[in-house]
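For reference, the structure is listed below as structure tokens.
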Amino acid sequence: MPRTHTHKEHHFQASDTVRDVVIGMSDGLTVPFALAAGLSGANVPSSVVVLAGLAEIAAGCIAMGLGGYLAAQSDNEHYASELQREKDETRDMPEEEREEVAKVFRNYGLSEEQLKPLVDTICADEEKWIDFMMKFELGLEEPDPRRALVSAVTIGASYVVGGFIPLSPYFFMTVNEGLYVSVGVTLVALFIFGCIKARFTGISWIRGGLQTTIIGGLAAGAAFGIARLFK
Numbered sequence: 266m267p268r269t270h271t272h273k274e275h276h277f278q279a280s281d282t283v284r285d286v287v288i289g290m291s292d293g294l295t296v297p298f299a300l301a302a303g304l305s306g307a308n309v310p311s312s313v314v315v316l317a318g319l320a321e322i323a324a325g326c327i328a329m330g331l332g333g334y335l336a337a338q339s340d341n342e343h344y345a346s347e348l349q350r351e352k353d354e355t356r357d358m359p360e361e362e363r364e365e366v367a368k369v370f371r372n373y374g375l376s377e378e379q380l381k382p383l384v385d386t387i388c389a390d391e392e393k394w395i396d397f398m399m400k401f402e403l404g405l406e407e408p409d410p411r412r413a414l415v416s417a418v419t420i421g422a423s424y425v426v427g428g429f430i431p432l433s434p435y436f437f438m439t440v441n442e443g444l445y446v447s448v449g450v451t452l453v454a455l456f457i458f459g460c461i462k463a464r465f466t467g468i469s470w471i472r473g474g475l476q477t478t479i480i481g482g483l484a485a486g487a488a489f490g491i492a493r494l495f496k
């Protein structure tokens, strides 16, 4: 008997979570790194770098987490608003809404004879009709009601993890020693993070790693240079 092969499609399902990790980790690595480098350039004691870094990580974690929460909450509110609008329109102007359904199928090249039974079937069930309009007319998917809280926690936690990477050497070393170790450790972390991020964005891992490393390095270099200039 001929062998049959089952086709399996593998799609990445956690895009929202990855996006939140990328947002939190990118800023967590870059901002405290630049702050620590700038303070090191001013030649302050390592204890000052640590205290300032911890304060910045705390503030950044809260600000970034709150930003993620509000963004996700706005998505929920926008979806609810558009859903109510579609409910009202299907009840108040059904013929216009039927035409919107037909227009979707026309865009796929279906003839009037082919699309009529499809339109009739979809519009016979109000719930399916509204769901169809939300997805194919407006391009909206129903958001997870827990999304706002999950996003806030994910972004905030990622920021903290990223922030402690450039700051940690200053816990155990003098400011000059800590700067050198922080630069080396953080640039490696930025490159690795950029490579991982590239895996999910579709660009080459080399390009992703270099982009992230260069951006973080430029930010830290600018902060260090300014601190040295005005020291």
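All you need for my numbering is the position in the sequence shown, starting with 1, plus 265. Where is the CB? At the ideal position from N, CA and C, for every residue including glycine. It should be emphasised that the depicted structure is a prediction, and the values quoted were computed from it without experimental measurement.
Among residues of its own chain, excluding the 5 on either side of F436, which ones have a beta-carbon nearer than 7 Å to its beta-carbon?
V315
Per-residue DSSP class, three states only, for E378:
Here E378 sits in helix by DSSP.
Residue closest to A492, alpha-carbon to alpha-carbon, out of G481, A299 and A323:
Minimum Cα distance to A492 is reached at A299.
What residue range is occupied by the uninterrupted alpha helix (DSSP H) comprising G481?
That run of the alpha helix (DSSP H) goes W470 to L494.
Are there three or more Cβ pairs, one per stretch, closer than 8 Å when the segment 280-297 is compared with the segment 411-424?
yes
Could you check where the alpha helix (DSSP H) with T235 kicks off and where it finishes?
The structure shown does not extend to residue 235, since the chain spans only 266 to 496, so no value can be given for it.
Excluding the 5 residues flanking W470 on each side, which residues of the same chain have their C-beta closer than 6 Å to its C-beta?
C460 and A463
Sort L304, M399 and Y445 by Cα distance to R350 and report the nearest one.
Out of L304, M399 and Y445, the CA that lies nearest to the CA of R350 is found in M399.
Taking only the alpha-carbon atoms, compute the straight-line gap between A367 and H343 and give it to the nearest angstrom.
25 Å
I'd like to know if the segment 354-371 and the segment 470-488 are in contact, where contact means that at least 3 CB-CB pairs between them fall below 8 Å.
no
Whole-angstrom Cβ separation of G481 and L455, contact assumed at under 8 Å?
4 Å
Got a sec: is the Cβ-Cβ distance from G459 to anything in chain D below 8 Å?
Included in the structure is just one protein chain, with no chain D present.
Where do the ends of the alpha helix (DSSP H) carrying D353 lie?
S311 to D357
Rounded to the nearest angstrom, how far is the Cβ of L304 from that of A323, given a contact under 8 Å?
The Cβ separation is near 16 Å, so there is no contact.
Would you tell me roughly how many angstroms separate the C-alpha atoms of E365 and E402, rounded to the nearest one?
8 Å
D390 to S339, Cα distance in whole Å?
The straight-line gap from Cα to Cα measures roughly 29 Å.
Three-state secondary structure (DSSP) at P297?
helix
Proximity test, T282 beta-carbon vs the ligand HEM heavy atom, cut-off 7 Å
For the ligand HEM, the structure offers nothing, since it holds no ligand at all.
V426 and G293: beta carbons closer than 8 Å?
yes
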